[in-house]
Amino acid sequence: MGWMRFLLAAAVVFHHSTIPGSLPLVDGHQAVRLFYIISGFYMALILGRKYPLNRNGLWMFYTNRAARIFPIYWAVLIGAAVFYGAATIWTQRIPERFQWYNALSAGGHRGFLVGLGLSQLILVGLDGFSLFDFQGSTLGLGGTVIGGKTAGFLCLVPQAWTLGVELMFYLFAPILVTKKSRWLILICGGGFLIRTALSVWKPHESVSLNYFWFPLQIPFFLIGTLSYRWMKCCPDLWRSRWASIGAGWMAFLFVLGYGWIPVGVAPLLSCAAMGLLIPALFQMDGRVGVFLGNLSYPIYVVHILVKWILLGFLGVELTGEKKIPGALLLAASMCVAFAIENLIGTRVEAWRAKRMQALKL
Numbered sequence: 023m024g025w026m027r028f029l030l031a032a033a034v035v036f037h038h039s040t041i042p043g044s045l046p047l048v049d050g051h052q053a054v055r056l057f058y059i060i061s062g063f064y065m066a067l068i069l070g071r072k073y074p075l076n077r078n079g080l081w082m083f084y085t086n087r088a089a090r091i092f093p094i095y096w097a098v099l100i101g102a103a104v105f106y107g108a109a110t111i112w113t114q115r116i117p118e119r120f121q122w123y124n125a126l127s128a129g130g131h132r133g134f135l136v137g138l139g140l141s142q143l144i145l146v147g148l149d150g151f152s153l154f155d156f157q158g159s160t161l162g163l164g165g166t167v168i169g170g171k172t173a174g175f176l177c178l179v180p181q182a183w184t185l186g187v188e189l190m191f192y193l194f195a196p197i198l199v200t201k202k203s204r205w206l207i208l209i210c211g212g213g214f215l216i217r218t219a220l221s222v223w224k225p226h227e228s229v230s231l232n233y234f235w236f237p238l239q240i241p242f243f244l245i246g247t248l249s250y251r252w253m254k255c256c257p258d259l260w261r262s263r264w265a266s267i268g269a270g271w272m273a274f275l276f277v278l279g280y281g282w283i284p285v286g287v288a289p290l291l292s293c294a295a296m297g298l299l300i301p302a303l304f305q306m307d308g309r310v311g312v313f314l315g316n317l318s319y320p321i322y323v324v325h326i327l328v329k330w331i332l333l334g335f336l337g338v339e340l341t342g343e344k345k346i347p348g349a350l351l352l353a354a355s356m357c358v359a360f361a362i363e364n365l366i367g368t369r370v371e372a373w374r375a376k377r378m379q380a381l382k383l
């Protein structure tokens, strides 16, 4: 599974830069949805195998998930704040992001900015703030502001809204994993029907709602949860080495060859394939896969900051160029992610492992 998580993180990096060559890789938006499916699988797995669904087990689950998310995120958030402060001093001009703050504040949206600032610290609620677009001093629901940017651009770590979505799923995961599969299928199907209805009824507003808002991301997490149950129901199917390898590579082909799939069915087919084939990916992790999988989260969180640092070195102030070669950005992000994982991630992981040993006693 580590290889797939790394590949999806790379897809997001390339989405925010350039794709090397003409690789028909999955786009960044769909990569995020596939991440949700993998997360749903993992949460069902660990809640079924590691954490008892009692008071102590749930406390351990929630705090361990928070420990994985927040320390690395806060480190990057502080790094981003330092970078923008240093850039302000170095260039003797206010960065574009701070100019946006001033314009919105002048337009009477200080409460929104305060709420957004608080949400950046705790992550919860960022998906809600991302539903809004802004242009100058104008703020409105996504799709209603002509030429507007999503409010996520106001954040120091713009992609952090997905972490808020993850945290919300963690909150409800212990409840969802206890429900019968037919209820999960019903919720999942209902969610997709609502997404489709919104796309037809409110085509402009639905773009933000369907992408950012947590309730409408639940179906993707549930595909992963159902995938775990599929693995439990058919254990013999995945014990065959060749069946696992074949199915695993099929999943990779859906991600690596996403651009070759007809646009109208690509999102549906890739989600269905991921849900069906995650059990095969779960069997494929070796040492390299585990290593790359551990880097996927810090790569995802840090790559925008790395992008702006690289643009600074490449003279963005002089050229106005805001694109970085994807291979360069991925390589640089991997180096920074490796340092972050070693300085923070491994220590947090050791602490979490020690707590789990105490839980088993």
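Numbering (the working numbering), first residue to last: 23 to 383. We treat Cβ as the ideally placed atom computed from N, Cα and C, and that holds for glycine.
In angstroms with no decimal places, state the Cα-to-Cα distance between residue i and residue j.
i: L291; j: G130; result: 45 Å
i: P196; j: W96; result: 26 Å
i: T341; j: Y106; result: Note that T341 scores 47 on pLDDT, short of 50, meaning its location in the model is unreliable and no value can be drawn from it.
i: I41; j: I346; result: 10 Å
i: N76; j: Q379; result: 17 Å
i: A294; j: A108; result: 46 Å
i: I100; j: V324; result: 11 Å
i: L248; j: F214; result: 15 Å
i: A88; j: V34; result: 23 Å
i: T110; j: I116; result: 6 Å
i: F134; j: D307; result: 44 Å
i: T368; j: F313; result: 11 Å
i: D155; j: G174; result: 9 Å
i: V310; j: L143; result: 33 Å
i: W25; j: I60; result: 12 Å
i: E188; j: A349; result: 27 Å
i: F304; j: L67; result: 11 Å
i: F335; j: L163; result: 36 Å
i: P46; j: W81; result: 42 Å
Classify residue i as buried or exposed, calling it buried when 16 or more other Cβ atoms lie within 10 Å of its own Cβ.
i: N86; result: buried
i: S152; result: buried
i: V277; result: buried
i: H51; result: exposed
i: A269; result: buried
i: N364; result: exposed
i: R27; result: buried
i: R55; result: buried
i: I326; result: buried
i: N316; result: buried
i: D149; result: buried
i: D258; result: exposed
i: Q114; result: exposed
i: A353; result: exposed
i: F194; result: exposed
i: I267; result: exposed
i: C177; result: buried
i: Q121; result: exposed
i: W373; result: exposed
i: E118; result: exposed
i: L376; result: Going by the sequence as given, residue 376 is Lys instead of Leu. With fewer than 16 other Cβ atoms within 10 Å, it is exposed.
i: W205; result: exposed
i: V287; result: exposed
i: V358; result: buried
i: V199; result: buried
i: P320; result: buried
Out of the options, state which residue places its alpha-carbon closest to the alpha-carbon of residue i.
i: G169; options: H226, N364 and F151; result: H226
i: M272; options: I300, P289, G281 and C256; result: I300
i: I207; options: P257, V358 and F242; result: F242
i: V179; options: Y58, K224, F191 and L138; result: L138
i: W235; options: F57, G147 and F83; result: G147
i: Y58; options: Y250, S318 and Q239; result: Q239
i: L145; options: F92, G158 and S159; result: F92
i: V48; options: L275, M356 and P320; result: L275
i: S203; options: N232, G246, L220 and S318; result: G246
i: T160; options: S127, K376 and A353; result: S127
i: G62; options: H37, Q121, C210 and S141; result: C210
i: M253; options: A219, G297, V104 and S228; result: G297
i: R251; options: G70, H38, L381 and L29; result: G70
i: L30; options: H37, A53 and G165; result: A53
i: A103; options: W330, S355, R132 and Y280; result: W330
i: P289; options: T218, F83, L189 and C256; result: T218
i: M23; options: G43, Y64 and F36; result: Y64
i: V185; options: R261, I94 and W223; result: It is worth fixing the name first, because residue 185 is Leu in this sequence and not Val. The shortest Cα separation from L185 among R261, I94 and W223 belongs to I94.
From the DSSP secondary-structure annotation, give me the bridge partner or partners of residue i.
i: K171; result: F156
Would residue i count as contacting chain C if we go by Cβ distances under 8 Å?
i: A302; result: Among the chains of the structure shown, chain C does not appear; only one protein chain is present.
Fully enclosed by the segment 115–166, which alpha helix (DSSP H) runs are 4 residues long or longer?
118–128, 132–144 and 148–151
Whole alpha helix (DSSP H) elements within the segment 177–208, 4-residue minimum:
183–198
Ignoring anything shorter than 4 residues or poking outside the segment 206–293, list the alpha helix (DSSP H) runs there in chain order.
227–234, 240–255, 257–261 and 263–278
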